[in-house]
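Let me begin by presenting the structure, written as structure tokens, before commenting on it.
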Amino acid sequence: MPDTGVAVSRPPASGGKPLVRLSALKRYFDVSPPWLARVLERKPRAIVQAVAGIDIEIRKGETFSLVGESGCGKSTVARLVVGLYPPTDGAIEFDGNDMAARRGRVEMSAIRRRMQMIFQDPFASLNPRWRVFDIIAEPIRAFKLASSTTEVRQRVDDLLRQVKLTPADGSKYPHEFSGGQRQRISIARALASRPEFLVCDEPTSALDVSVQAQILNLMMELQREHGLTYLFISHNLAVVYHISTRVGVMYLGRLVEVADTDTLFRRPKHPYTRMLLDTIPDLDMTGRQRAPVAGEVPSPINPPSGCAFHPRCPFANDRCKRERPATIPIEGGLVACHAIEEGRLKAEDRGYGGH
Amino acid sequence: MIPGSNQAPLLEVRNLRVEFPTRRGTLVAVDDVSFSISPGEVLGVVGESGAGKSLTGAAIIGLLEPPGRIAGGEVVLEGERIDNLPYERMRRIRGARIGAIFQDPLTSLNPLYSIGRQLVETIQTHLPLSAADARQRAIDLLKEVGIPGAETRVDHYPHQFSGGMRQRVVIALALCANPRLIVADEPTTALDVSIQAQIIALLKRLCREHGTAVMLVTHDMGVIAETADRVAVMYAGRLAEIGPVRDVVKNASHPYTRGLMGSIPSLGVRTERLTQIDGAMPRLTAIPRGCAFNPRCPDAGQRCTAERPDLMPAGVTRAACWLYHSQGVGPALARETANA
Chain A
2 MPDTGVAVSR PPASGGKPLV RLSALKRYFD VSPPWLARVL ERKPRAIVQA
52 VAGIDIEIRK GETFSLVGES GCGKSTVARL VVGLYPPTDG AIEFDGNDMA
102 ARRGRVEMSA IRRRMQMIFQ DPFASLNPRW RVFDIIAEPI RAFKLASSTT
152 EVRQRVDDLL RQVKLTPADG SKYPHEFSGG QRQRISIARA LASRPEFLVC
202 DEPTSALDVS VQAQILNLMM ELQREHGLTY LFISHNLAVV YHISTRVGVM
252 YLGRLVEVAD TDTLFRRPKH PYTRMLLDTI PDLDMTGRQR APVAGEVPSP
302 INPPSGCAFH PRCPFANDRC KRERPATIPI EGGLVACHAI EEGRLKAEDR
352 GYGGH
Chain B
107 MIPGSNQAPL LEVRNLRVEF PTRRGTLVAV DDVSFSISPG EVLGVVGESG
157 AGKSLTGAAI IGLLEPPGRI AGGEVVLEGE RIDNLPYERM RRIRGARIGA
207 IFQDPLTSLN PLYSIGRQLV ETIQTHLPLS AADARQRAID LLKEVGIPGA
257 ETRVDHYPHQ FSGGMRQRVV IALALCANPR LIVADEPTTA LDVSIQAQII
307 ALLKRLCREH GTAVMLVTHD MGVIAETADR VAVMYAGRLA EIGPVRDVVK
357 NASHPYTRGL MGSIPSLGVR TERLTQIDGA MPRLTAIPRG CAFNPRCPDA
407 GQRCTAERPD LMPAGVTRAA CWLYHSQGVG PALARETANA
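Listed in order, the protein sequences are those of chains A and B.
Counting the first sequence from 1 gives a position; our numbering is that position plus 1.
Counting the second sequence from 1 gives a position; our numbering is that position plus 106.
See below:
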């Protein structure tokens with residue numbers, strides 16, 4: 002299959018230089034039936050192209066968000082970036098270091114220390130048998146960031162205060178905390194190794210809205226204080242709008258559009274981005290009409306030919322069915338769409354409540 | 107009764123109280139909740155986890171999981187009390203007069219039967235139709251909820267449908283006997299955003315066409331803003347505020363509702379910080395005296411810690427808050443700083 006989806010060019014990195022660079026990153030999962038079933042029942046091999054070649058540059062100090070519906074591969078990207086999955090193909094560069102390069106333990110650990118992850122489910126991501134103190138002290142001990150027990154204690158107490166808990170909470174177990182407080186513990190643990198880069202995979206999706214606001218405020222505060230760079234994964238567009246510097250929209254393992262937050266929300270280009278924006282509930286009660294788009298996300302095992310979005314796209318033509326659109330730069334962002342490239346579809350201005 | 111409506115309410119819930127007896131005493135999960143739903147009206151019930159919204163819905167359809175039980179108050183459907191009926195009679199009402207839609211469509215459907223068989227069984231339980239007529243009605247219902255190829259899909263099994271399609275089947279099941287009221291508990295929470303929009307549009311259309319009233323239980327204010335006519339906001343098992351959707355969303359009276367609405371990121375002006383309500387909802391074992399919201403409330407006064415407010419008129423809505431009482435909240439509370 003000829004891959005035409007290679008980025009042609011990128012916008013010049015305005016401001017900060019890239020901290021993380023993903024190039025032509027791919028991750029496939031083999032979900033084939035067992036060998037015997039394949040032989041006896043002639044079942045074919047099945048490969049899920051969870052991430053089918055994406056290029057992203059994340060600049061120092063920014064919050065880059067990935068949005069998309071379930072199964073679009075956004076969480077797989079998060080796991081690839083922190084090294085929980087090895088990539089099938091493509092490269093991940095962190096601050097100029099190729100993550101796939103062979104290097105010694107010490108050197109690798111020095112790079113690993115600089116990136117941490119926050120997971121979605123604060124009930125599953127904390128060891129229920131460990132006290133909170135030990136959970137947060139673990140990275141400090143693992144990376145040998147403190148020379149004495151008193152220093153570890155000082156550091157953990159300090160982290161607990163940073164996430165608006167108290168040092169006394171260190172002696173408790175995770176089950177004694179609510180979902181929001183557990184997510185604070187996760188954040189404290191992630192900050193323990195003094196990282197520069199945090200990958201946050203749906204950090205507020207399991208939380209109630211008032212608690213979500215507390216966590217988002219905390220995350221933005223910490224970013225300012227420590228100059229953190231975030232890769233933020235979410236399906237909630239309003240949250241993404243609130244927290245991001247730039248946004249990438251994913252559909253079936255590929256990026257369909259990347260743009261600054263304001264540009265993406267005020268002048269969306271790709272038809273899928275427009276559809277996603279239409280699904281945001283109208284809380285300002287402006288009477289904005291939502292046009293629910295028909296159809297569902299197709300299976301990533303057997304993605305549609307050409308542009309993967311064409312079966313649901315109101316602007317699709319024959320070319321969209323045949324040929325995968327290349328990523329082209331437009332208005333400081335990137336978009337992969339024939340209709341936009343050919344000028345059949347114009348960028349659309351949108352206003353929301355308050356504008 | 108809703109002010110301004112002279113129609114008899116379809117459903118009236120009066121002073122409903124749901125309790126869970128435990129070894130360490132009784133937990134009151136729903137405390138003195140009263141509201142009504144008019145025919146054809148969509149009432150949204152919102153609240154955060156543990157607010158008691160789902161239990162209120164379960165109590166109305168008679169599906170409280172033991173040891174939970176209705177410990178007080180009454181539920182009146184079209185003038186008839188239904189909270190104290192024997193199981194068999196209630197089973198007849200459920201389905202025929204009250205339909206139910208739950209969050210997870212996979213657990214609402216039996217994986218071993220084709221959806222046609224499940225629809226036909228439900229239809230024949232409640233309507234005197236022959237097998238052939240019931241099957242025809244099943245196909246019609248599937249068409250109505252927007253399942254393409256209903257004639258062939260009717261013989262498929264739940265696992266052959268996607269999540270959104272399954273939820274459509276569940277809605278068809280709830281509509282089988284043309285109920286007057288549907289209790290929908292988080293019907294879109296398990297679905298992707300684009301599918302959510304489809305399901306909400308479908309629910310709205312069907313209720314308009316059939317004149318069915320809906321009690322829509324959800325934590326998602328967005329869903330409520332788009333669907334409901336009136337909203338009831340629950341906090342710690344009690345009603346905090348109830349009123350027309352526009353007023354509750356845009357112009358809330360109760361400090362909790364205001365905080366809740368402010369904490370939702372919006373697409374309007376981008377702010378540095380979201381409004382946040384410090385702290386968390388109290389556990390059922392430790393509901394504060396007086397107004398349950400008083401430890402987190404920016405406007406709390408001494409009266410709020412002593413006396414529990416009932417719903418009282420507050421502008422267009424009704425709120426359980428002393429701010430709207432002629433005597434006010436009393437002197438402000440001296441309190442330690444939050445997050446101490």
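Glycine included, every Cβ here is placed at the ideal spot set by N, Cα and C.
Fair warning: this is a prediction, and the values are worked out from it, not measured in the lab.
- Assigned with DSSP and collapsed to three states, Val275 of chain B falls in helix.
- By a beta-carbon distance limit of 8 Å, Arg123 of chain B contacts Val136 of chain B. Their separation comes to about 6 Å.
- Non-local C-beta neighbours of Ala334 of chain B in its own chain, meaning closer than 7 Å and more than five positions away in sequence, comprise Val148, Leu149, Gly150, Leu322 and Val351, ordered along the chain.
- Secondary structure at Ala256 of chain B: helix, using DSSP grouped into helix, strand and coil.
- Within chain B, not a single residue places a beta-carbon under 8 Å from that of Leu160 of chain A; the smallest gap is close to 15 Å.
- Collapsing the DSSP output to three states places Ala317 of chain A in coil.
- Beta-bridge analysis with DSSP links Tyr252 of chain A to A:Arg255.
- Residues of the segment 122-155 of chain B whose Cβ lies closer than 8 Å to any Cβ of chain A, in chain order: Glu154 and Ser155.
- One thing to note: Glu154 of chain B has its Cβ no nearer than 9 Å to the Cβ of Leu380 of chain B.
- When secondary structure is reduced to three states using DSSP, Lys75 of chain A falls in the helix class.
- Residue contact check for His243 of chain A against chain B: a CB pair falls below 9 Å.
- When B:Leu235, B:Ala406, B:Ala319 and B:Ala164 are compared, the shortest CA-CA separation from Gly146 of chain B is found for B:Ala319.
- The alpha helix (DSSP H) runs of length 4 or more contained entirely in the segment 365-432 of chain B are, from start to end of the chain, 408-412.
- In the three-state scheme derived from DSSP, where H, G and I count as helix and E and B as strand, Gly163 of chain B is classed as helix.
- Within the same chain, Cβ atoms closer than 7 Å to the Cβ of Phe267 of chain B are found at Val275, the five residues on either side in sequence being excluded.
- Interface residue (Cβ-Cβ distance to chain B less than 9 Å): Asn218 of chain A is classified as such.
- Secondary-structure assignment with DSSP links Phe233 of chain A through a beta bridge to A:Ser66 and A:Cys201.
- Secondary structure of Glu349 of chain A (DSSP, three-state): coil.
- By the rule that beta-carbons nearer than 9 Å mark a contact, Gln213 of chain A touches chain B.
- Thr77 of chain A is outside the set of residues whose beta carbon lies under 9 Å from a beta carbon in chain B.
- Considered as a whole, the segment 277-355 of chain B harbours 299-316 and 327-333 as its complete alpha helix (DSSP H) runs of no fewer than 4 residues, in chain order.
- Between Lys270 of chain A and the set A:Arg115, A:Ala340, A:Ala327 and A:Gly97, the nearest pair of CA atoms involves A:Ala340.
- Counting of Cβ neighbours within 10 angstroms places His176 of chain A among the exposed residues, the total staying below 16.
- Phe141 of chain B: member of the beta strand (DSSP E) spanning Gly131 to Ile143, first to last residue.
- Contacts with chain A at 9 Å (Cβ-Cβ) do not include Arg314 of chain B.
- Relative to the Cα of Ser206 of chain A, the nearest Cα in the group A:His236, A:Glu226 and A:Gln224 belongs to A:His236.
- At least one CB atom of chain B sits nearer than 9 Å to the CB of Ser71 of chain A.
- Pairing Ile245 of chain B with Glu227 of chain B gives a Cβ-Cβ distance that is not under 9 Å.
- Ranked by how close their Cα comes to the Cα of Ile305 of chain B, the residues B:Phe208, B:Arg424, B:Leu183 and B:Gly201 have B:Phe208 in first place.
- A Cβ-Cβ separation of about 7 Å places Pro204 of chain A in contact with Gln121 of chain A under the 8 Å criterion.
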